[in-house]
Each structure stands twice: as C-alpha cells, then as structure tokens.
Amino acid sequence: MAILNKEEAQAILRKILSYSKADECEVNLSGTEGGNIRYARNSVSTSGAEENTSLAIESRFGKRAGTATINEFDDAALQKLVRQAEETARLAPENPEYIEFLSPQTYLPTNAHFASTANITPEYRAEVAGKSIEMANAQKLTAAGFLEDYSNFNAKMNSKGLFAYNQDSSVEFSVTMRTADGTGSGYATRDFSDVSKFDAVEASQVAIAKAMGSSNAKAIEPGKYTVILEPAALMANTDASLMGALLNSLDTRNADEGRSFLAKKGGGTKLGEKLFDERITIYSDPTNPDIPSSGWADDGRPQEKITWIEKGVVKNLYNTRYWAQHKNIKSIPRPGGFIMLGGTQSIDDMIKSTDRGILVTRLWYIRAVDPQTLLYTGLTRDGTFYIENGKIKHPVKNFRFNESPVIMLNNLEALGKPQRVGGNLVPPMKIRDFTFTSLSDAV
Amino acid sequence: MKRRNFIQLTSAGMGGLLLGSVPVFGHAVHPDAYLETVDVALKKRLADAALNAAKAKGATYADVRIGRYLQQYLFTREKQVQNIVNAESYGVGIRVLANGTWGFAATSNVTEAGIAKAAAQAVAIAQANAKFQKEPVQLAPVKGTGEVTWRTPIVKNAFAVPVAEKADLLLAANAKAMENGTSFVNSNLFQINEQKYFASTDGSYIDQDVHRIWPTFTVTAVDKTTGKFRTREALSSPMGMGYEYLSNPAPKIAGPAGTGLQGYYKYYDILEDAAAAAKQAKAKISAKSVVPGKYDLVLDPNHLGLTIHESVGHATELDRVLGYEANYAGTSFATLDKWQSKNFKYGSKLVNIFADKTQPGSLGYVEYDDEGVKTKRWDLIKEGLLVNYQATRDQAHIIHEKESHGCCYADNWSSVQFQRMANVSLAPGKTKLSVDDMIKNVEKGIYISGRGSFSIDQQRYNFQFGGTVFHEIKNGKIVGMLEDVAYQANTQEFWNSCAAICDESDYRLFGSFFDGKGQPAQISAVSHGSSTTRFNGVNVINTARKI
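Residue numbers (full-length UniProt numbering), protein chains in the order written: chain A, 1 to 443; chain B, 1 to 547.
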C-alpha cells in the first residue's frame, strides 16, 4: 500500500526524527498509486499501473546539509539512512545560502483528494479507450489518446516541530482524432481532481468535430491576425505554453538580478507596474474547488490566496525563502496552479463578433526565442479555422507564430469562461494582432 | 514526472526550480552505492522466473528487463553548490505477447514472488487489451544470444570521482566566467549509469552497463544601464563517455578564423569554454541586430546536430510515420508512400544521413537494444533520397525487412520499451574542405554555433531554429557578431539547399540528453554527428521585439 494516512505517516516521521543526531533534520515521505492507458490507430497500445513510496531525509550540521533516501521502512534501515544523511552532511561544503528549516506552520485545509479518482480500475481505463475508439470507428476516423490517473500523498516533518500532510488525486485525458486521408485532425484535453466530472464521450466528440471540420485546409498568408485562442492553446500539460511561460517567469530573484523581462532599465523590477490590459487578473488559491492543490509548498511554506497580476498590474512575484530573507521581502512560494479571471463570452460569441480572424485549438512545440522580451515561437495544430463576418468560413493550414505573452495580453479583445487545463483555470481569449510568421503544411 | 517519484529538491535545491524540466527519477542514494552492481547469476535466476511465469500464464513471447538506473546531477551557480542529486531506481519490467497483443507490468519488488506477480499482471493486461487489437503483433525474428555482456568503453567512471572534485571543477568554470566579466553563471554536471539486464524467451541473457555524461553551463551578461541581458550556453556535447571527457586532453578542432570558437569532441575544456562564453555573452549585448533576408548559412556541428535531430531523426521514426505518436509528439511528413516511391528527394545529392547505434562516444551507443536486437548502422537518406526508417521488431515487416533496426529503448525498468531514435548523423563530405575554405566562398552568410531556440511542427516539416553564437560572413570573411537571428524553412527545402559539407577532419558529435516522447513521457539520449555544412539561401528573420 503506497498511500499512508496522516497518522501512519506521522508515526514513521516521528520515529526517524528520534534517530537524528544532527543540528537540524527534515524528513519527506511520499507515495503514489496510479495507472494509464494509451491507444493509437484505433487500438490499445500500452497500459500499466504503478505504486511507489519513498522517503528522503535531510540532515544538517551548521550550514552543511546532506540528503539520503530509502524505500525500506524497518527500524534498522531507517537508522542506517539517518546516519548516511549525517555522514553526507559532514562532508558537504557550507551552503552560503543556508536558511534554517521552518518552524510549525498553519495551513489552509484543501480538498484535493477524491476517492472516485483513487478507485479508478484498469477496467474503467479500458472502457474510456474503448468508447473513444468506437466513436472514431463509427466516423471512419483514427483515434490516438491517453488517460492517466494518480492518487498521491506527501508528508513532511522536521526537528523544528513542523508537520505537513496532503493527499491529492488527478486524472488527465487527451485525444487526437485524424481523418483517414490525413487532411484533418482534431484535439481535446480534459483534467480533473475528481474523475466523476470527466466525460470521455464529450471530449471525444469535440476532437471528432474538429477533425472532420479541419479537412482539406486552405492556405492563407501569414501576418498579424485577430485570434481566438481556446484554453488548450494557452496552457498545456504536455508542452510549454504561452501562459505557462509568463507565469513561470514571475520569479523575484531573476527580476532583481536583471535577467528577466520584469527587470527594469537602470536596476530594480517592474513590480507594481501596469504591464498588461486592465482586464488581466491572475491569482492562485489552493482551496479553489476546481483546481484544489496542496496547502503547503515543497519547502513547507503555507500556500494561500495570492494575486499575481491585478487589473494588468504586477502585484506579487514568488521567491525562495533565502531570497525573501536576503532582500527582506514577503516570503511567497510558487503556487500549485494559477487562476485567470475570465469574462462571460462563449467561443461562439467571440466568433460572432469577429470580422476576420483565426480560431486556434492548440499550440505546439513552444520554445523561448528571447527571454528579454519573453518572445516565444511555436505552431498551431489539430484544428485551425478561418473566421469571416462572424462565422467559421473554412479550415486553414497551420501557422508558425512568434509572439510574446506580454504583447499578447496587451492586445486583448475579449475573455471567455475559464476552463481547467493542466491544473490551471484559463479562459479562452480573443487577441488582436497576433503574429504568424510562416505557414506549415503539417496536419 | 509524478509517476517517477520525483526527488524533493530540498534547501540547497533551488537550482532544480530553475531547471524545472530536468527529469530525475528514482530514490535518492548514498554516493557509496554507485559503484555496486547486482550479481549477474542472481539476475539470470530472476529473469528465468519472470519468463517461466509469463509462459505459464499463456504468453507466447516474453522479455524481462532488470534495471538499476543511477543518476547524479550537480547544480552550481556563481560561488556556490546549489544541489547534488543522487538517485537510484531498481526494478523489473516484464513485457509479454498474449493473444497477439502486448502487455507490460513493472515492479520494484525484485523477488521471485514479486516478479511472478508482475508477469501474471502483464499477461492479464495483454489479454484484456486483445479485444481492441486489430491485427496480431508480428515480431521480426531474433536469434538468442546466450549470456553476453557489454559496457560503454569508458576510461574513468564518473561516479567514482569524488563529488567534491566535480563540484570544484564546476565552481572553477564559474570563476572563469566571472573573471571574464559576467555576473551570473549556472553550471551543471549530469551523469547517468544504466545497468541493464535483458532476457527473453528467444534465449538471450544480455548484461549491459551504459554510461553517459554532460557538463554544461549558461553564462548571463547584464547591462544595467540599458536593462539588456544576453546568455551564452556551453558548447559541450553530452557524450556516451566517462569522466575522461573532462580530464583527458586531446586535440581540439579550431573554429573559423575570427570567431574565437573551439570545436570539442573527445575532450571538453570547460574552463576555456566558460571564459570564452563570458566574453561572447558580453559581446552579444552590443552585437549588430540581423537584417532579415536570405542568407547562406554555415552551420557548426554543435548547431546542425539539433537540426538533424528534429528534421530527420524524428521524421524517420516509423512509429510516428504510422501514427502511434499522433496524440503527443505528432506524426511525420515522411510517409510510407514517399519511401515506396524510391524517389522522394529529401535533400540535395550531397545529403547522406545514416542511423548508427555503434558509434563510439555517442549517447545511443549500445551493443543490444532493449528488446535484445544487436545494433548496427544503416542508411536513412542516400544521395538525397529517402531510403529507410527506424524500426523495432514489431514494425520491421511493415517496411518489408527481415530484422529489426535495434531502435527499442525504455528510460527505466518501469517504462515499457518502444521505438526511440538511434544516433542519426550526416556523413561528412568526400572531398577535403576546411571550415575556413567553406567560408571563403560565402558572399552573404551567417555562421551559427550552439543549439539555441528550436521548434518544429508536429509532422517535422516547418521549423524555426536560433543558435547560441552568430557571426556575420561578408565576402568570404567573418566580419563580426550578430544578434536576434533565427532561420525558418521546411525540412525538404532546407536539405535540398545543402551546398557543401566539410570533410571528416571536421566531423563531431552533437547530443540531445533529455529527448522526450511517448505517453507517459519518456526521455532518451542520442547523438548526431556532422561536419560543418553550408545551406544556401535560407530565410533569416529578426527576433527582436519591444515590450
């Protein structure tokens, strides 16, 4: 059994700390159970299940630290592990950025674990794949998809008296449907903490409609277009993403050191400056029922509701405990997931209000081009459509883009209702002057 | 990453956050344990238990991989060690064919009972999935090897070198960068040892010990008055070598006159490269911004390797061509009909690209792949024409071949093995040509070194690549550095614009250490060899923006 409850975890952690002779000691215990199924060419290709439990000890003498881990839990093995961590600490160089372990903290209760997800069976996974394949067969399409589910626990205890425990679960599904002649492709992705919210048929239908509608795409000239970016085009759990790139860059130290788009000419940072359209507000909240996450960060700091960008103004940046102390600023960990405020428009509403534009299902192979301006490149994929006079007129060939999310969030036309993607809540967005630099013949 | 039991990067480990995409899996392990190995006789006994259990449950074929995977990663910045990650993962993966369908199960319970349970689970999964199988799996034959062993021919095991010595070397490189005028430098050393035991019902018992290493850094120069910053990455390549890559001097290949660059292959001088990087990062801040247009590109092997990887390596993976990666990494433009035509002009006549898992020093060098197939070299593109793909045992019949290419790999015992890229390389030119001689004939061009930014579409056609260092070529001479350079092309046009390739004396390996593919995602490491190569009339864009 890889998942330990709070009391079981606490008992092991207490025992390990009782063996410690170090100045400071911190122990992390975690476990996971889960499974997956993958299908392609309308046939299941692989599936598997996994469980694992692991334990890591960090011992410290002064500013020297050593870590050791084991997956055996008898007393002798645990004692040996503590000694190994202590030996390693004695040999380690002093860490000039040493900061003592946290004392007891208060954490917000979160509801991130669902029995429905923890109880997923191999039969359920096969049913999801089978239904999706059946739907593809019925439309003479080719399905490729993946379902993966987890149930996890994490616990931490240290010699300063801190104890933290969390359980979470998740299920992620994605499917690509392709037409038999290879000229059309459609995609859908869904992720939830509670699998009872997941509907494989609905997701497969979306991918099927996109595939059938995207056949025999026409080429149009690259250039600056108004785009409607669906949530999967803004955030991804399989690749880099434009919104992910922006949120990953909200690091205090990089900005302070002058190596981030948030660094200011002449020194200092752009914290407090209005850098985006005033409709852009992004926050995090571990208690959000749609994207619940741990009440504590990896280093034991409490996670709380934090506003990162408010009405276009950069309000907070995350940092390490060392940097917060060094700069004498508020200590803020990186959150588990981001929530972006949206609007009331549906994607259909956005299409109706567009004279000439492009609807984008998904972006792919997104890579940084210039960290100074947060410029990224990548391509559209699996359903790209031309909009004229408020209607989808025809599918178009895929484009390569070169764009910065900083520029993009200043060219905002409209926001839709946020949807969960990759553990975040992101609204579809309508953006003007999005830069496509070349065409791709790829389908 | 969740399934990998990601090691918590504790207090000193904030470097891990900066390098968030670095995969670390397994349990942390004491450094003393790195030089231990598992007794081969024990592994054979356990492997037989797995194969017998699978057959008893109804498998018509079974293979078992008993794997001990070791990683040690060092992370430093400026004057301090940020983190040292020691990880070990040990367990068994069992793959079976039952009812004509694959099944796979893995366990960390490396006992006869644990293995028998996993074997039964693998058969049960195969039988459950058989109802969705359209055609039974066809395996290309493999002759059993009996008991054989193989080891990456390393001189010095990197895991035997004290951690303090390795950390000191990285800190010395950081000091070199800072002495030469930059404020920020992050350096890392990645070391991998895969102790892999493979056995199958074909009668193979293969014990392999695989080593890989990658020292690398990023130097950042900041001009506070203008707020401008530029980075320059290391020009090392990850290699299938031991610590001798860092400690055993050998001749270098000088870069083109006027660039100050060095080509590294069997030896990497991290101190020299860090000093050069610092100077070049500073120079990039005031370098001329490129004027967009058509340029003749002269591409160093340290850059061209990635172009080969993305536009040829992935495009010729047969599982992608067939659609198995359609939901994730994508398919391929190099479809079967193009190969069947025997006349698909992938590149100019100069372009000869081969796959080879037997190149010494390369990341993909092994004697047997992860389904017991002896590795070899074969042609993918011959005189510009697409002639073959990269295939595994269950794909060989699709391209009318009688044996697998030996392209099967799993990144861990707990991962199912599947088709992964072999080392894919561009053959050097047949006539003598130095880089300086190649540049002499370029009127308007750019010399590009280092990987930089890279992106290609899901069928491996339209791409955009950047680079680390750019030098302008005017009338046959390097005239200065450029910035904001990226080139766009499609794979076929690009390779057809190949106009000259330097000879074998310039041939070097580039490497990709964490190449991702598959669901659940797996990593693999491959090398790509080439000599400096010229491509005419490529579209270059300017990537500078204002925010």
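Heads up, the beta-carbon is just placed ideally off N, CA and C, and yes, glycines get one too. Keep in mind that this is a model prediction, so the values were computed, not measured.
Check: CB contact below 9 Å: Arg190/A versus chain B; Outcome: no
Check: Per DSSP, the bridge partner or partners of Trp150/B; Outcome: Gln208/B
Check: Option nearest Leu246/B by Cα separation, candidates Val291/B, Lys288/B, Lys43/B and Gln191/B; Outcome: Gln191/B
Check: Partners in chain A for Asn129/B, counting only beta-carbon separations shorter than 8 Å; Outcome: Val44, Ser47 and Ala126
Check: Own chain, CB closer than 6 Å to Ala53/B, minus 5 neighbours either side, in chain order; Outcome: Ala116 and Ala119
Check: Simplified DSSP state of Lys345/B, which is helix, strand or coil; Outcome: strand
Check: Cβ-Cβ distance between Val360/A and Thr344/A below 9 Å; Outcome: no
Check: Buried or exposed by the 16-neighbour rule on C-beta atoms within 10 Å, applied to Arg14/A; Outcome: exposed
Check: Ala22/A and Ser54/A closer than 9 Å at C-beta; Outcome: no
Check: Own chain partners of Gly15/B with C-beta closer than 6 Å, once the 5 adjacent residues on each side are dropped; Outcome: Bear in mind that the predicted position of Gly15/B carries a pLDDT of just 27, short of 50, making it unreliable; the figure below should be weighed with that in mind. Cβ within range, chain order: Phe75, Gln82 and Asn83.
Check: Under 9 Å between C-beta atoms of Glu24/A and Lys156/A; Outcome: no
Check: Chain B contacts from the stretch 346–372 of chain A (Cβ-Cβ distance under 8 Å); Outcome: Trp364, Tyr365, Ile366, Arg367, Ala368, Val369, Asp370, Pro371 and Gln372
Check: is_contact[Gly227/B, chain A] using C-beta, thresh 9 Å; Outcome: yes
Check: Pair within 9 Å by beta-carbon distance, Glu244/B and Val163/B; Outcome: no
Check: 6 Å Cβ shell around Arg393/B - same chain, five flanking residues per side excluded; Outcome: Leu139, Ala140, Glu371 and Ser404
Check: Candidates Leu235/B, Val210/B and Phe535/B: closest to Ala489/B by CA position; Outcome: Phe535/B
Check: is_contact[Asn52/A, chain B] using C-beta, thresh 9 Å; Outcome: yes
Check: Cα-Cα separation between Asp181/A and Ser214/A, rounded to whole angstroms; Outcome: 12 Å
Check: Minimum Cβ-Cβ distance from Arg14/A to chain B less than 9 Å; Outcome: no
Check: Three-state class that DSSP yields for Arg45/B in the structure shown; Outcome: helix
Check: CB contact below 9 Å: Glu443/B versus chain A; Outcome: no
Check: Residues in the stretch 395–413 of chain A having any Cβ partner in chain B nearer than 7 Å; Outcome: Asn398, Arg400, Asn402, Ser404, Val406 and Ile407
Check: Arg212/B to Val40/B span [Cα, whole Å]; Outcome: 22 Å
Check: Member of Ala315/B, Glu233/B, Ser524/B and Lys546/B whose CA lies at the smallest distance from the CA of Asn188/B; Outcome: Glu233/B
Check: Stretch pair the stretch 468–482 of chain B + the stretch 512–528 of chain B: three plus CB contacts closer than 8 Å; Outcome: no
Check: Outcome for Glu403/A when other beta-carbon atoms lying within 10 angstroms are tallied against a minimum of 16; Outcome: buried
Check: Exposure of Arg362/A, with buried meaning 16 or more beta-carbon neighbours within 10 Å; Outcome: buried
Check: Where the alpha helix (DSSP H) containing His326/A begins and where it ends; Outcome: Arg321 to Lys327
Check: CB contact below 9 Å: Gln390/B versus chain A; Outcome: no
Check: Chain B contact for Glu306/A (CB, 9 Å cutoff); Outcome: Note on identity: in this sequence residue 306/A is Ile, with Glu being the wrong assignment. False, the Cβ-Cβ gap to chain B never drops below 9 Å.
Check: Local conformation of Val426/A per DSSP, three classes; Outcome: strand
Check: Inter-residue spacing [alpha-carbon to alpha-carbon] between Gly390/A and Asp348/A; Outcome: 9 Å
Check: Where Thr377/A falls, given that 16 or more other Cβ within 10 Å makes a residue buried; Outcome: buried
Check: Sheet register partners of Met235/A (DSSP bridge); Outcome: Answer by DSSP bridge pairing: none, since Met235/A is not bridged.
Check: C-beta neighbour in chain A for Tyr461/B, strict 9 Å; Outcome: yes
Check: Short CB-CB distance (under 9 Å) between Val538/B and chain A; Outcome: no
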